[in-house]
Structure formats: structure tokens, C-alpha cells
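Order-wise, the sequence lines are chains W and Y.
Residue numbering for the first sequence follows our numbering, beginning at 1 and increasing consecutively.
Residue numbering for the second sequence follows our numbering, beginning at 119 and increasing consecutively.
Note that CB positions come from ideal geometry on N, CA and C, so glycine has one too.
The next block holds one structure in the form of C-alpha cells; read it before the comments.
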Amino acid sequence: EAGVTQSPTHLIKTRGQQATLRCSPISGHTSVYWYQQALGLGLQFLLWYDEGEERNRGNFPPRFSGRQFPNYSSELNVNALELEDSALYLCASSFSFAGGTESNQPQHFGDGTRLSIL
Amino acid sequence: KQEVTQIPAALSVPEGENLVLNCSFTDSAIYNLQWFRQDPGKGLTSLLLIQSSQREQTSGRLNASLDKSSGRSTLYIAASQPGDSATYLCAVFNDYKLSFGAGTTVTVRA
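If you want it as C-alpha cells, here you go:
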């Protein structure tokens, strides 16, 4: 079974540019989560998509946005890049949260996209 | 706001010794707690998930306990091996998201 796949592996941008990161969940998973792992800040929750809808958002500015496609893959877009956006961006997937018992489904992570801002 | 703390931040042990990693959280209204392993420059590998109604979960040499009322979890790794060297993260799921600790970096010396 293929795991969560993310692309690209590395992305180099300059300040003010826009970045698009992509994630394909495990087959059968409909929930996709995005996290940022910046040096010294630990893993921070960014966004959660389920069944094509944004369900929850972390404490990040609106220039961080995304979407989920009908095949449940997802994109994370970061506009007006700043130096502090340099980080490892991790995507995770799980079965849908909706329904109660699904809250105990583990999240499975990809290897991430390393975004470097010059 | 959920705060997750992991102690110690780093641990170095000789091969064969048992590992004990601690995790504490401030809000006990959690759905579950997950332990992950992260190798340098890589993503997270899920090790164990403990539901809020469970006290412990086991997988091979790994055993994790959960005391929700006191906001604590412990990960035990028996008979450590050099391949166990990695950063171990605990995360709690509530408010529709995972909140992570900063991790414990483990080095197992051959």
C-alpha cells in the first residue's frame, strides 16, 4: 500500500514569491492535514481538509491557504513568502473524522517538502 | 490551548538498555494520543495510538501508557538497539488537530 506522497521534495523560492506544495493521501483516506515544522518551533498544525472542505485552521496568516480535490489530494499554497516560512511542511492523511469513532484513526505522514526562502 | 511537554529533550543510552520517554499535556479532554518517530530530515512514522478510553497499547518492543486524568503518557522501548536512534514525538488529538511536543532525541550507543 502506497503511503502519503508529497511533492516536490525540495523547493527554493525568494521573498515575495508564491509556493505550491502537493500531497496525495493513502488510498481510502479522505482527511488531509498540513503541518509546519520550522527550526526551533516544533510541529505546528496548519490546515485540515475533509471531504473537500476546510474543517479547521491553525494560527497562521491568510496567505497560507489550500484546497482538497475530488480525489482527496491536496495543495498548500503560501503567498508573499517570507524568510520565516522556511520549514519542512508535512502532510498527513487519515480516514474521515466525521462520525465519532473515526477520531481514533491514526494520522499517517509523508516525508515532507522542505521549503527554503532566500 | 493545549500544551504538550516532553522530558527529557535528549537521551543517550548503551545498547540493550530500556528507554523511558515522558509526555505531559495540559488539557485532558483528548480523543487520543499518538507516539511518532522521526529520523533526520524525514517525515513522521506512527508508532502507537492510544484512545482516550485506553490505559496502554503495545507493539513489539514498544509499550505506551496513558493516564488521561493526570495528563501523562510514557513510551517504553525495551532492549534498545542502535536502530532506535531517532527523535520521538508525542501528539494529542483534540480541538480537531494534533498538538505536538518538541520531542525527545534518543541516541543508542553500540
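- At a beta-carbon threshold of 8 Å, the residues of chain W lying near S164 of chain Y are P106, Q107, H108 and F109, ordered along the chain.
- In this chain, the beta strand (DSSP E) harbouring S142 of chain Y covers L137 to F143.
- Using a Cβ-Cβ cut-off of 9 Å, A38 of chain W does not count as an interface residue toward chain Y, since no Cβ of chain Y sits closer than that to its own.
- Residues are counted here when their Cβ sits less than 8 Å from a Cβ of chain W; for the region 179 to 213 of chain Y these are L207, A209, F211 and D213, given in chain order.
- Collapsing the DSSP output to three states places N71 of chain W in coil.
- When Y:S170, Y:L165, Y:S188 and Y:S187 are compared, the shortest CA-CA separation from N181 of chain Y is found for Y:L165.
- No Cβ of chain Y is located within less than 9 Å of the beta carbon of V32 of chain W.
- Secondary-structure assignment with DSSP links K215 of chain Y through a beta bridge to Y:N212.
- Cβ neighbours of S73 of chain W within its own chain (closer than 6 Å, five residues either side excluded): S24.
- When 7 Å is used as the limit between beta carbons, L216 of chain Y is near these residues of chain W: F45 and Q107, in chain order.
- Counting only Cβ-Cβ distances below 8 Å, Q152 of chain Y has contacts in chain W at P106 and Q107, in chain order.
- Y35 of chain W places its beta carbon less than 9 Å from that of L43 of chain W.
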